[in-house]
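Working notes, beginning with the structure itself.
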Amino acid sequence: MAVALPQTQAFDGTVTFLDGDDKRDISVTASQTCYNTLACAAKKPTALAWQGLPLDGVFHGKSYIYFYTDKDCVGRRRGWSTDPKDAPTALEYDELNDHIGSFMVWKKTGVIEHTADGCAAARLRH
């Protein structure tokens, strides 16, 4: 019996890179898409926040967001449930402090289906 995987889902979410007063919002609109952010995220992100990401997925009923040390979603990675309350508030404990080059929302697999320039829709807030 074949198991149907959810399709890539479009949504209107935001991932925020935080470093003191420097807050950079990245618009996220699809799962299974690697968003490259090395050039525009907070220079040295120390915390993350997100909202509007899909909560359901194939990983025990949940979706996850993974952050990578390098662009194109490679290098060391760390992931959290897409529930906003699970966002890390201190990246120094997660081996990602100051080292995030890309991220991806995993809804159905960890396979990259698309790549996007996350900087194209970045917004700086103070």
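Heads up, the sequence shown is in my numbering, so the first residue is 4 and it goes up one at a time. Positions of the beta carbon are idealized from the N, C-alpha and C atoms, including for glycine.
Within 10 angstroms of the Cβ of residue i, are there 16 or more other Cβ atoms? Answer buried if so, exposed if not.
i: T92; result: exposed
i: Y71; result: buried
i: G113; result: exposed
i: Y96; result: exposed
i: G104; result: buried
i: A119; result: buried
Throw me the rounded Cβ distance for the residue i and residue j pair, which I believe falls under 8 Å.
i: K110; j: S30; result: Not really, about 17 Å apart at Cβ, beyond 8 Å.
i: K65; j: L58; result: 7 Å
i: L94; j: A52; result: Between A52 and L94 the Cβ distance is about 12 Å, and since that is not below 8 Å, they are no contact.
i: K47; j: D24; result: Not really, about 13 Å apart at Cβ, beyond 8 Å.
Return the CA-CA distance between residue i and residue j, expressed in angstroms with no decimal places.
i: D15; j: V61; result: 20 Å
i: H102; j: R81; result: 11 Å
i: C122; j: G78; result: 19 Å
i: H117; j: C37; result: 6 Å
i: C76; j: E98; result: 16 Å
i: Y69; j: L41; result: 15 Å
i: Y67; j: T32; result: 14 Å
i: D73; j: D86; result: 24 Å
i: D89; j: W83; result: 6 Å
i: F106; j: N39; result: 7 Å
Within 8 Å of any Cβ in chain B, is that where the Cβ of residue i sits?
i: G16; result: The chain inventory of the structure shown lacks chain B, comprising one protein chain alone.
Restricting to runs no shorter than 3 residues, where is the beta strand (DSSP E) found entirely within the stretch 27-80?
Here the runs fully enclosed are 36-39, 50-54, 67-73.
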